[in-house]
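Student:
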Amino acid sequence: MKKILVTGGTGFIGSHTAVELQQHGYEVVIVDNLSNSSVDVLDNIAKITGTRPAFEQFDLADQARTAKFFREHHDLSGIIHFAAYKAAGESMEKPLEYYRNNTGSLINILEGMRDNGIRDIVFSSSCTVYGQPDQLPVTEDSPFKTAWSPYGNTKQICEDILRFSSQLLPVRVIALRYFNPIGAHESALIGELPLGVPNNLVPYITQTAIGKRECLSVFGNNYNTPDGTAIRDYIHVVDLANAHVIAVERMIREKCKSRMEIFNLGTGEGYTVMEVIRSFERVSGVKLNYKIVSRRPGDVEKVWADTRLANEELGWKAVRTLDEMMLSAWNWEKALAQRQ
Ligand code: UFG
516 MKKILVTGGT GFIGSHTAVE LQQHGYEVVI VDNLSNSSVD VLDNIAKITG
566 TRPAFEQFDL ADQARTAKFF REHHDLSGII HFAAYKAAGE SMEKPLEYYR
616 NNTGSLINIL EGMRDNGIRD IVFSSSCTVY GQPDQLPVTE DSPFKTAWSP
666 YGNTKQICED ILRFSSQLLP VRVIALRYFN PIGAHESALI GELPLGVPNN
716 LVPYITQTAI GKRECLSVFG NNYNTPDGTA IRDYIHVVDL ANAHVIAVER
766 MIREKCKSRM EIFNLGTGEG YTVMEVIRSF ERVSGVKLNY KIVSRRPGDV
816 EKVWADTRLA NEELGWKAVR TLDEMMLSAW NWEKALAQRQ
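Residues 516 to 855 in this note's numbering are what the sequence shown spells out, letter by letter.
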């Protein structure tokens, strides 16, 4: 059985990817420091798949500890690297923590790969590298725009580190640029678990609907969009997870066309904030309490993916609709409420 390291595997996207990997016959080893996730996720992965993934709790920014891990796991067939700090707003308050954590852990992993002959890494990147693109839908060859937050900048820097590593070291890379991952596993056993007040739209919607939050603030209704609210390309987390399995298989089967490949992962459809709210109300039957407030600093007006490269090269396509995303997110929120 081929063994894949999933860093950040108890997190939102990591846990869904661990499930899909196991269901496709891979052995999964998770490394996570649990700084933004719970160890209980492992039990819930086991409930879905019948197998509890191997787990080691440590910080990948710890160079010596990471080197030890790689010496013990030199038989890895590949790595999917999710573990990172991910809140753009928080990175404005803790810029150096973001730079140290996000770039330091990647460098430690690349050293571990180099020193132990592990060739393949799939990297979690983001559409944030594009900023507000000049042309929509945005293609993978659109230029990076100056990042507005240290968080976004770490994704750009990490892609640069990977580009040179793929040229100068025996390392091969697939960087996946996610648009807006939302939703949860259909079992409602795993999903997004934001600590404290959510920054992202969908957990804020479901928490408001369940009564944990009073009212959703819609950030701006004077954008140049059909209803004035900002447009994003929302993608179901299970569709996203499946793209990672395909990326790993592409590397293992020697299908890559260059030493570093980059793919947008979205649906190719943009929805406004109001359309997301309406979808939620439709599938849940709950009337959402929301108010329009001013724009959030750093938000782009609209972005959605050109997904042709992923569709054609990876043979992957997002299939789940916005309504399915919202319903699964709602079922997850309700399941969480029952557990608490
Ligand atoms: N929004 C609201 N109210 C909220 C939360 C969000 O109206 O309470 C709006 C935002 O203004 C935006 C949309 O909902 O128009 C989506 O916002 P999210 O916070 O869910 O997601 P972002 O598009 O801001 O996030 C993306 C990436 C992040 C990245 C960020 C900044 O998912 O990884 O862009 O570039 F950090």
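All C-beta atoms, glycine included, are put in the ideal place defined by N, C-alpha and C.
1) Nearest CA to the CA of residue 745: which residue from 786, 662 and 540?
2) From residue 674 to residue 570, what distance separates their C-alpha atoms?
3) Which partner residues of residue 857 appear in the DSSP bridge assignment?
4) Return the chain-ordered ranges of every alpha helix (DSSP H) run that is complete within the segment 662-719 and spans a minimum of 4 residues.
5) Does the distance between the C-beta of residue 740 and the nearest non-hydrogen atom of the ligand UFG fall short of 7 angstroms?
6) Quick test of your reading: residue 757 and residue 535, contact by CB under 8 angstroms. State the CB separation rounded to the nearest angstrom.
7) Looking at residue 631 and residue 589, is the spacing between their C-beta atoms short of 8 angstroms?
8) Can we count residue 814 as close to the ligand UFG, meaning its CB is less than 7 angstroms from some heavy atom?
9) Take residue 681 and list the residues in its own chain whose beta-carbon comes closer than 7 angstroms to its own, dropping the five residues that flank it on each side.
10) Is residue 601 near the ligand UFG, judged by its Cβ being under 7 angstroms from some heavy atom?
11) Comparing the CB of residue 786 with every heavy atom of the ligand UFG, is any distance shorter than 7 angstroms?
12) Under 7 angstroms from any heavy atom of the ligand UFG, does the C-beta of residue 661 make it?
13) I'd like to confirm something about residue 598: is its beta-carbon nearer than 7 angstroms to some heavy atom of the ligand UFG, or not?
14) For the ligand UFG, is there a heavy atom less than 7 angstroms away from the beta-carbon of residue 710?
15) When you measure from the CB of residue 716 to every non-hydrogen atom of the ligand HEM, does any distance come out below 7 angstroms?
16) Mind checking who residue 861 pairs with in its DSSP beta bridge?
17) Which residues share a DSSP beta bridge with residue 747?
18) Run the proximity test for residue 527: is its beta-carbon closer than 7 angstroms to any non-hydrogen atom belonging to the ligand UFG?
19) According to DSSP, is residue 633 part of a helix, a strand, or is it coil?
20) Return yes when at least one heavy atom of the ligand UFG lies under 7 angstroms from the C-beta of residue 523, else no.
21) Do the segment 733-752 and the segment 660-675 meet, that is, are 3 or more Cβ pairs less than 8 angstroms apart?
22) Would you kindly work out how many angstroms separate the C-alpha atoms of residue 783 and residue 728, rounded to a whole number?
23) I'd like to know whether the C-beta atoms of residue 702 and residue 806 end up nearer to each other than 8 angstroms.
24) Taking the straight line between their C-alpha atoms, what separation do you get for residue 762 and residue 637?
25) Which of the three DSSP states is assigned to residue 621 in this structure?
26) Return the residue from the list 766, 544, 587 and 647 that minimises the CA-CA distance to residue 828.
27) Measure the C-alpha to C-alpha separation of residue 671 and residue 639 and round it to an integer number of angstroms.
28) At a cut-off of 7 angstroms, would you count residue 575 as near the ligand UFG, judging by its Cβ distance to the nearest heavy atom?
29) Tell me the residue span of the alpha helix (DSSP H) that contains residue 530.
30) Span of the beta strand (DSSP E) holding residue 732?
31) Within the same chain, show all residues whose beta-carbon is closer than 6 angstroms to that of residue 644, passing over the 5 residues directly before and after it, in chain order.
32) Quick one: what's residue 570 bridged to in DSSP?
33) Going by beta carbon distance, what residues of the same chain come within less than 7 angstroms of residue 730, once the five residues before and after it are set aside?
34) Quick check on residue 805: does DSSP put it in helix, strand or coil?
Tutor: Let me spell this out:
1) Ranking 786, 662 and 540 by CA distance to the CA of residue 745 puts 786 first.
2) 27 angstroms
3) Residue 857 lies beyond the residue range present for the chain, which begins at 516 and ends at 855; the question has no answer from this structure.
4) 665-683
5) no
6) 6 angstroms
7) Going by C-beta atoms, residue 589 is nearer than 8 angstroms to residue 631.
8) Using a cutoff of 7 angstroms, the CB of residue 814 counts as near the ligand UFG, since one of the ligand's heavy atoms is closer than that.
9) 687, 688, 774 and 775
10) Judged by the Cβ position, residue 601 qualifies as a neighbour of the ligand UFG at the 7 angstroms threshold, a heavy atom of the ligand being closer than this.
11) no
12) no
13) In this structure, the C-beta of residue 598 stays at least 7 angstroms away from each heavy atom of the ligand UFG.
14) No - the ligand UFG has no heavy atom lying nearer than 7 angstroms to the Cβ of residue 710.
15) With respect to small molecules bound, the structure shown includes the ligand UFG and not the ligand HEM.
16) The structure shown has nothing for residue 861, since the chain only spans 516 to 855.
17) 786
18) no
19) coil
20) no
21) Proximity of the segment 733-752 to the segment 660-675 falls short of the contact definition, fewer than three beta-carbon pairs being nearer than 8 angstroms.
22) 31 angstroms
23) No, they are not a contact pair.
24) Answer to the nearest angstrom: the Cα atoms are 7 angstroms apart.
25) Helix at residue 621.
26) 766
27) 11 angstroms
28) no
29) 527-538
30) 731-734
31) 659, 670 and 671
32) DSSP, once it has assigned bridges, lists 545 as partnering residue 570.
33) 723, 804, 805 and 806
34) strand
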